[in-house]
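A.B. asks: From first to last, the protein sequence lines are chains A and B. Heads up: take any position in the first sequence, counting from 1, add 3, and you land on the working numbering. Heads up: take any position in the second sequence, counting from 1, add 3, and you land on the working numbering. No residue lacks a Cβ here, since even glycine has one placed at the ideal position from N, Cα and C. Sharing a structure, written as structure tokens. Questions coming.
2 protein chains.
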Amino acid sequence: MRLSQSLSQTSKTFSSDDPTANAKLLTQAGFVKRESAGVYSFLPFGWRVMRKIIEIIREEMNAVDAQEVLMPALVPIEYWQKTGRDNVEIGFQPSEKYILGWSHEEVVTPMGKQRIKSYRDLPFCAFQIQTKFRNEARAKSGLMRGREFMMKDAYSFHANQADLEKYYARMKQAYFNVFGRCGLESFYVDAPGGEFTKKRSHEFQVLTEAGEDKIFVCEKCKLAWNSELEVRKCEKCGGKLVEKKGAEVGNIFDLSTRFSEAFDVKYLDENGKQQLVVMGCYGIGVSRIMAVVAEVHHDEKGLLWPESIAPFAVHLVSLGKDEAAKKAAEELYEELNKAKIEVLFDERDAAAGAKFADADLIGIPLRVVVSPKTLEAGGVEIKKRNSSEVNTISVKELLKSLQK
Amino acid sequence: MRLSQSLSQTSKTFSSDDPTANAKLLTQAGFVKRESAGVYSFLPFGWRVMRKIIEIIREEMNAVDAQEVLMPALVPIEYWQKTGRDNVEIGFQPSEKYILGWSHEEVVTPMGKQRIKSYRDLPFCAFQIQTKFRNEARAKSGLMRGREFMMKDAYSFHANQADLEKYYARMKQAYFNVFGRCGLESFYVDAPGGEFTKKRSHEFQVLTEAGEDKIFVCEKCKLAWNSELEVRKCEKCGGKLVEKKGAEVGNIFDLSTRFSEAFDVKYLDENGKQQLVVMGCYGIGVSRIMAVVAEVHHDEKGLLWPESIAPFAVHLVSLGKDEAAKKAAEELYEELNKAKIEVLFDERDAAAGAKFADADLIGIPLRVVVSPKTLEAGGVEIKKRNSSEVNTISVKELLKSLQK
Numbered sequence: 004m005r006l007s008q009s010l011s012q013t014s015k016t017f018s019s020d021d022p023t024a025n026a027k028l029l030t031q032a033g034f035v036k037r038e039s040a041g042v043y044s045f046l047p048f049g050w051r052v053m054r055k056i057i058e059i060i061r062e063e064m065n066a067v068d069a070q071e072v073l074m075p076a077l078v079p080i081e082y083w084q085k086t087g088r089d090n091v092e093i094g095f096q097p098s099e100k101y102i103l104g105w106s107h108e109e110v111v112t113p114m115g116k117q118r119i120k121s122y123r124d125l126p127f128c129a130f131q132i133q134t135k136f137r138n139e140a141r142a143k144s145g146l147m148r149g150r151e152f153m154m155k156d157a158y159s160f161h162a163n164q165a166d167l168e169k170y171y172a173r174m175k176q177a178y179f180n181v182f183g184r185c186g187l188e189s190f191y192v193d194a195p196g197g198e199f200t201k202k203r204s205h206e207f208q209v210l211t212e213a214g215e216d217k218i219f220v221c222e223k224c225k226l227a228w229n230s231e232l233e234v235r236k237c238e239k240c241g242g243k244l245v246e247k248k249g250a251e252v253g254n255i256f257d258l259s260t261r262f263s264e265a266f267d268v269k270y271l272d273e274n275g276k277q278q279l280v281v282m283g284c285y286g287i288g289v290s291r292i293m294a295v296v297a298e299v300h301h302d303e304k305g306l307l308w309p310e311s312i313a314p315f316a317v318h319l320v321s322l323g324k325d326e327a328a329k330k331a332a333e334e335l336y337e338e339l340n341k342a343k344i345e346v347l348f349d350e351r352d353a354a355a356g357a358k359f360a361d362a363d364l365i366g367i368p369l370r371v372v373v374s375p376k377t378l379e380a381g382g383v384e385i386k387k388r389n390s391s392e393v394n395t396i397s398v399k400e401l402l403k404s405l406q407k
Numbered sequence: 004m005r006l007s008q009s010l011s012q013t014s015k016t017f018s019s020d021d022p023t024a025n026a027k028l029l030t031q032a033g034f035v036k037r038e039s040a041g042v043y044s045f046l047p048f049g050w051r052v053m054r055k056i057i058e059i060i061r062e063e064m065n066a067v068d069a070q071e072v073l074m075p076a077l078v079p080i081e082y083w084q085k086t087g088r089d090n091v092e093i094g095f096q097p098s099e100k101y102i103l104g105w106s107h108e109e110v111v112t113p114m115g116k117q118r119i120k121s122y123r124d125l126p127f128c129a130f131q132i133q134t135k136f137r138n139e140a141r142a143k144s145g146l147m148r149g150r151e152f153m154m155k156d157a158y159s160f161h162a163n164q165a166d167l168e169k170y171y172a173r174m175k176q177a178y179f180n181v182f183g184r185c186g187l188e189s190f191y192v193d194a195p196g197g198e199f200t201k202k203r204s205h206e207f208q209v210l211t212e213a214g215e216d217k218i219f220v221c222e223k224c225k226l227a228w229n230s231e232l233e234v235r236k237c238e239k240c241g242g243k244l245v246e247k248k249g250a251e252v253g254n255i256f257d258l259s260t261r262f263s264e265a266f267d268v269k270y271l272d273e274n275g276k277q278q279l280v281v282m283g284c285y286g287i288g289v290s291r292i293m294a295v296v297a298e299v300h301h302d303e304k305g306l307l308w309p310e311s312i313a314p315f316a317v318h319l320v321s322l323g324k325d326e327a328a329k330k331a332a333e334e335l336y337e338e339l340n341k342a343k344i345e346v347l348f349d350e351r352d353a354a355a356g357a358k359f360a361d362a363d364l365i366g367i368p369l370r371v372v373v374s375p376k377t378l379e380a381g382g383v384e385i386k387k388r389n390s391s392e393v394n395t396i397s398v399k400e401l402l403k404s405l406q407k
């Protein structure tokens, strides 16, 4: 993509009372545009990052045999009445008939019921990647708490508690894989079940000062508890806990039979007896991952994207008005495109300082400069975003290193 | 995917007052589940088809240099007030602050404004693939007219009318490409501009008795007019028109300066003079394509998917309780998966008649049967969904033909 033609543009100004780094940097670097409190548009850079996060999640969900579906946002009011969640305050109600889905147990449970007759039909898991709506009284922290946000939600159906627990453990590992692949180290945190279950739930929290949650961490056991549980000592070793701030990127719930009871979802067991289905549910905040990565991976100059979810692999900069250098940069741009290496090409007529500042702000992992000086030195100048080291290498070497 | 484990299951019953083939067949074949009038869930088969349609659209939009973004569904009321479209009846209003996006001119116009200073910043085009909400008084015709549906909408920005018209023509061709690749022959139809423009708009209509529109077709010129325009004769050759029923799958609008005026979107021209930007907008009903394909491509037994958007390439059926045949079918399933050929595997304990009826209902282009009889004949039995011819070929030949 040519930067001069991109809908994503950098900006020096940022007029907002939102103090978080993700709101400021993602806006200034042209990844998102705030439309109203907690409501964002994703510009081309931001949408590229989102699609990469989505693909990682999709791969990890497929790996635990979850089946992808898409449920509607307009969830009929009768569905919510079955579970008594029609009065939960965060539900937007666009008409008498619907509440916008802020979670989809009420849709997926009857969907699962349709195909369950006997124990042979269990277990299975459905997931979707979808926009959720929550009427948050105070939408804040940039993309971390939105009124509209993208979520991956999965729902599993089991014959018994033991089978749920087996799958819950698989999903837990899949979650660590997702966050790890997105460049985030996460803690597995005990938390209350909220509107979902009377049991404890489990959150995946990333430590950051921008986080909205207070968690108590046992550094020895690498376990943690959400402050809403008020646990005073490590429940495993009895040791003391350290208070930290965390941003929740995922949560998983043992729903037990709460929703199968509400919708009367039963199966015939091996002995021909009717039994209630046991369910679990599993959420990941897709847009929130993007925000938390921005919080964790930035410096005073701008963003530092992990390679796995960077909007582009290469930030190509041409410098100077020299025709030979311009031509060499254009040729390299074509070659990178041909090799299917994602490249942002800054071919604007602008000063080197401004171009480098934009490259630092946008945060693509590798900066490649073509100028009369680099051509004289036999190639291009490369610099990793997370290092101050600058090297000159030949175009051939560059292409080889990127095609690994 | 193993049919026995799929969330998509076939069903003989269909209790609805919706008479359309798409509602009946897509439901019975396990592609969708109706949640309320005009509100559907996409089950795994249906969501696979949708994702393929989305990829085709994405490729064609990239080919006309459109940039992918994602705008919110919660569109601030102030945006709509700027254009006077806050009172359009189809807008769902979930709170005082927002109207759910039923089209996104009001969001994309200020987004474009952000990056436009001079003529050098034009033209560009943004597109998104997103859920739209319209409070249709009478949602009907299965997935053809929904309250919630998936749409591709694109918006282009130009320095002048001539440049818009050039791009409009490129987009027109891209639209024919999209529909053609999805197995649909479409007519380019003159229509009124509705809530978008005082000029005529252009619809892409597919001829089908299930269509909601009346169009007048000149069979000589291959042109057509929506009946709402009440054109009596072909505007090109003056010849007589034939009345047909059509289903609209796309529409494109010359917005002129309607939205750039409302949001004061101007650029500096070559002479340093301020000029209003000229805009176009371009919609495709993604879920409607799926419905129209079901209307156009089915017979009395079920669906007939074009290869390009079929949920799977192969419907593999194992027959009989013979262990050798079961093992051969399992091995073929593994081989197809390894070769990355998408396969639905019907390994259920069911009668041949029931399995064949399900294969016809689901409508995957190629049925492959493994049974003691086919093994004896030296391989597998193949049958195309759109033909009655049955042949026996070796597994090697099958794999070769699929890996073309």
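Would a check of beta-carbon distances place T134 (chain A) closer than 8 angstroms to chain B?
C.D. replies: Numbered from 1 along the first sequence, position 131 holds the residue referred to as residue 134 (chain A). Chain B, which has a Cβ nearer than 8 angstroms to the Cβ of T134 (chain A), makes this yes.
A.B. asks: What number of angstroms, rounded off, separates the C-alpha of T200 (chain A) from the C-alpha of A265 (chain A)?
C.D. replies: Position 197 of the first sequence, counting from 1, holds the residue named residue 200 (chain A). Position 262 of the first sequence, counting from 1, holds the residue named residue 265 (chain A). Near 13 angstroms, if we compare the C-alpha coordinates of A265 (chain A) and T200 (chain A).
A.B. asks: Strictly under 8 angstroms for the Cβ-Cβ distance: is A294 (chain B) near chain A by that measure?
C.D. replies: Position 291 of the second sequence, counted from the start, is the residue given in the question as residue 294 (chain B). Taking Cβ atoms only, chain A never reaches closer than 8 angstroms to A294 (chain B), which makes this a no.
A.B. asks: What's the C-alpha gap between A332 (chain B) and Y178 (chain A)?
C.D. replies: By one-based count along the second sequence, residue 332 (chain B) stands at place 329. By one-based count along the first sequence, residue 178 (chain A) stands at place 175. Using only the alpha carbons, I get a separation of about 34 angstroms.
A.B. asks: Quick one: give me the first and last residue of the beta strand (DSSP E) that I119 (chain B) is part of.
C.D. replies: Residue mapping note: residue 119 (chain B) aligns to position 116 of the second sequence, counting from 1. Where I119 (chain B) is concerned, there is no enclosing beta strand (DSSP E), given that its DSSP letter is neither H nor E.
A.B. asks: Do we get a CB-CB distance below 8 angstroms when we pair P409 (chain B) with the residues of chain A?
C.D. replies: Outside the shown range of chain B (4 to 407) lies residue 409 (chain B), about which nothing can therefore be said.
A.B. asks: On the criterion of 16 or more Cβ atoms from any shown chain inside 10 Å, does A355 (chain A) qualify as buried, or is it exposed?
C.D. replies: Position 352 of the first sequence, counted from the start, is the residue given in the question as residue 355 (chain A). Looking at its Cβ environment, which holds fewer than 16 other Cβ atoms inside 10 Å, A355 (chain A) is exposed.
A.B. asks: At what residues does the alpha helix (DSSP H) containing Q96 (chain A) begin and finish?
C.D. replies: The residue given as residue 96 (chain A) occupies position 93 in the first sequence. First-last for Q96 (chain A): undefined, no H or E at that position.
A.B. asks: Would E198 (chain A) and V91 (chain A) be called neighbours here (beta carbons separated by less than 8 angstroms)?
C.D. replies: Position 195 of the first sequence, counted from the start, is the residue given in the question as residue 198 (chain A). Position 88 of the first sequence, counted from the start, is the residue given in the question as residue 91 (chain A). Contact flag set, yes.
A.B. asks: Excluding five sequence neighbours on each side, which residues of the same chain lie with their C-beta closer than 6 angstroms to the C-beta of A129 (chain A)?
C.D. replies: Against the first sequence, residue 129 (chain A) aligns to sequence position 126. Result list for A129 (chain A): Q70, V72, V111, Y158, in chain order.
A.B. asks: Where does D166 (chain A) fall in DSSP's three states?
C.D. replies: The residue you call residue 166 (chain A) lines up with position 163 of the first sequence. Reduced to three states, the DSSP call for D166 (chain A) is helix.
A.B. asks: Quick one: is E58 (chain A) near chain B, going by C-beta distance under 8 angstroms?
C.D. replies: Taking the first sequence and counting its residues from 1, the one referred to as residue 58 (chain A) is at position 55. No - not a single Cβ of chain B is within 8 angstroms of the one on E58 (chain A).
A.B. asks: Are the Cβ atoms of H318 (chain B) and L347 (chain B) separated by less than 8 angstroms?
C.D. replies: Stepping through the second sequence from its first residue, residue 318 (chain B) is reached at position 315. Stepping through the second sequence from its first residue, residue 347 (chain B) is reached at position 344. Yes, they are a contact pair.
A.B. asks: For chain A, is any of its Cβ atoms less than 8 angstroms away from the one on M282 (chain B)?
C.D. replies: Here the question's residue 282 (chain B) lines up with position 279 in the second sequence. Taking Cβ atoms only, chain A never reaches closer than 8 angstroms to M282 (chain B), which makes this a no.
A.B. asks: I want to verify the contact list: residues of chain B whose CB lies under 7 angstroms from the CB of Y43 (chain A), in sequence order.
C.D. replies: Stepping through the first sequence from its first residue, residue 43 (chain A) is reached at position 40. Simply P75.
A.B. asks: Can the beta-carbon of L405 (chain B) be found closer than 8 angstroms to that of I344 (chain B)?
C.D. replies: Residue 405 (chain B) sits at position 402 when you count from the first residue of the second sequence. Residue 344 (chain B) sits at position 341 when you count from the first residue of the second sequence. Yes, the Cβ-Cβ distance between L405 (chain B) and I344 (chain B) is below 8 angstroms.
A.B. asks: Express the C-alpha separation of C284 (chain A) and I80 (chain A) in angstroms, rounding to a whole number.
C.D. replies: Counting from one through the first sequence, the residue named residue 80 (chain A) turns up at place 77. Counting from one through the first sequence, the residue named residue 284 (chain A) turns up at place 281. The alpha-carbon atoms of I80 (chain A) and C284 (chain A) are separated by roughly 21 angstroms.
A.B. asks: Applying the 10 Å Cβ sphere with the 16-neighbour rule, what's the burial state of E273 (chain A)?
C.D. replies: Reading the first sequence from its first residue, position 270 is the one you call residue 273 (chain A). Exposed, by the Cβ-count rule.
A.B. asks: Does E400 (chain B) have its Cβ less than 8 angstroms from a Cβ in chain A?
C.D. replies: Translated into the one-based positions of the second sequence, residue 400 (chain B) becomes position 397. No, its Cβ sits nowhere closer than 8 angstroms to a Cβ of chain A.
A.B. asks: Starting from L210 (chain A), trace the beta strand (DSSP E) both ways and give me its first and last residue.
C.D. replies: One-based indexing of the first sequence puts residue 210 (chain A) at position 207. L210 (chain A) -> beta strand (DSSP E) spans 204 to 210.
A.B. asks: With distances taken from CA atoms, which of A:A76, A:Q84, A:G94, A:P375 is nearest V42 (chain B)?
C.D. replies: Counted from its first residue, the second sequence places residue 42 (chain B) at position 39. For the residues A:A76, A:Q84, A:G94, A:P375, the minimum Cα distance to V42 (chain B) belongs to A:A76.
A.B. asks: Can you find a C-beta in chain B that's less than 8 angstroms from the C-beta of L103 (chain A)?
C.D. replies: One-based indexing of the first sequence puts residue 103 (chain A) at position 100. Cβ-Cβ to chain B under 8 angstroms: yes for L103 (chain A).
A.B. asks: Pick from B:D302, B:E151, B:Q133, B:Q131: whose alpha carbon is nearest that of E139 (chain B)?
C.D. replies: Taking the second sequence and counting its residues from 1, one reaches residue 139 (chain B) at position 136. For E139 (chain B), the nearest C-alpha among the options comes from B:E151.
A.B. asks: Can you tell me whether P47 (chain A) is helix, strand or coil according to DSSP?
C.D. replies: Locating residue 47 (chain A) in the first sequence gives position 44, where the first residue counts as 1. Correct three-state label for P47 (chain A): helix.
A.B. asks: Return the CA-CA distance between Y270 (chain B) and S9 (chain B), expressed in angstroms with no decimal places.
C.D. replies: Here residue 270 (chain B) is taken as the residue at index 267 of the second sequence, counted from 1. Here residue 9 (chain B) is taken as the residue at index 6 of the second sequence, counted from 1. Each residue's alpha carbon lies about 54 angstroms from the other.
A.B. asks: Along the chain, where does the beta strand (DSSP E) containing I132 (chain A) start, and where does it finish?
C.D. replies: Here residue 132 (chain A) corresponds to residue number 129 of the first sequence, with the count starting at 1. Where I132 (chain A) is concerned, the enclosing beta strand (DSSP E) stretches over 127 to 136.
A.B. asks: Report, in whole angstroms, the separation of the C-beta atoms of V181 (chain A) and I312 (chain A), which I expect to be a contact under 8 angstroms.
C.D. replies: Working through the first sequence from its first residue, we reach residue 181 (chain A) at position 178. Working through the first sequence from its first residue, we reach residue 312 (chain A) at position 309. The Cβ separation is near 11 angstroms, so there is no contact.
A.B. asks: Flag N138 (chain A) as yes if its beta-carbon sits less than 8 angstroms from any beta-carbon of chain B, otherwise no.
C.D. replies: The residue labelled residue 138 (chain A) in the question sits at position 135 within the first sequence. Chain B contact via Cβ: present.
A.B. asks: Would a C-beta distance cut-off of 8 angstroms place T13 (chain A) and A32 (chain A) closer than the cut-off?
C.D. replies: Looking up residue 13 (chain A) in the first sequence gives position 10. Looking up residue 32 (chain A) in the first sequence gives position 29. Yes, Cβ-Cβ distance for T13 (chain A) and A32 (chain A) is below 8 angstroms.
A.B. asks: Listed in chain order, which residues of the region 314 to 341 of chain A have Cβ atoms closer than 9 angstroms to some Cβ of chain B?
C.D. replies: The region 314 to 341 of chain A vs chain B, Cβ under 9 angstroms: nothing.
A.B. asks: Closer than 8 angstroms, Cβ to any Cβ of chain A: which residues of the region 204 to 233 of chain B, in chain order?
C.D. replies: Those residues of the region 204 to 233 of chain B that come within reach of chain A (Cβ to Cβ, closer than 8 angstroms) do not exist; the list is empty.
A.B. asks: Compare the C-beta of Q31 (chain B) with all C-beta atoms of chain A and state if any pair is closer than 8 angstroms.
C.D. replies: Here the question's residue 31 (chain B) lines up with position 28 in the second sequence. Judged by the 8 angstroms Cβ criterion, Q31 (chain B) is not in contact with chain A.
A.B. asks: Quick one: is L28 (chain B) near chain A, going by C-beta distance under 8 angstroms?
C.D. replies: By one-based count along the second sequence, residue 28 (chain B) stands at place 25. Chain A contact via Cβ: absent.
A.B. asks: In chain C, which residues lie less than 8 angstroms from M154 (chain A) when you measure between Cβ atoms?
C.D. replies: You won't find chain C in this structure, because its protein chains are A and B.
A.B. asks: Quick one: give me the first and last residue of the beta strand (DSSP E) that T395 (chain B) is part of.
C.D. replies: The sequence position of residue 395 (chain B) within the second sequence is 392, counting from 1. Taken as a continuous stretch (DSSP letters only), the beta strand (DSSP E) holding T395 (chain B) covers 393 to 396.
A.B. asks: State the beta-bridge partners of D193 (chain A) as determined by DSSP.
C.D. replies: Within the first sequence, residue 193 (chain A) is the residue found at index 190, counting from 1. DSSP lists A:H205, A:W228 as partners of D193 (chain A).
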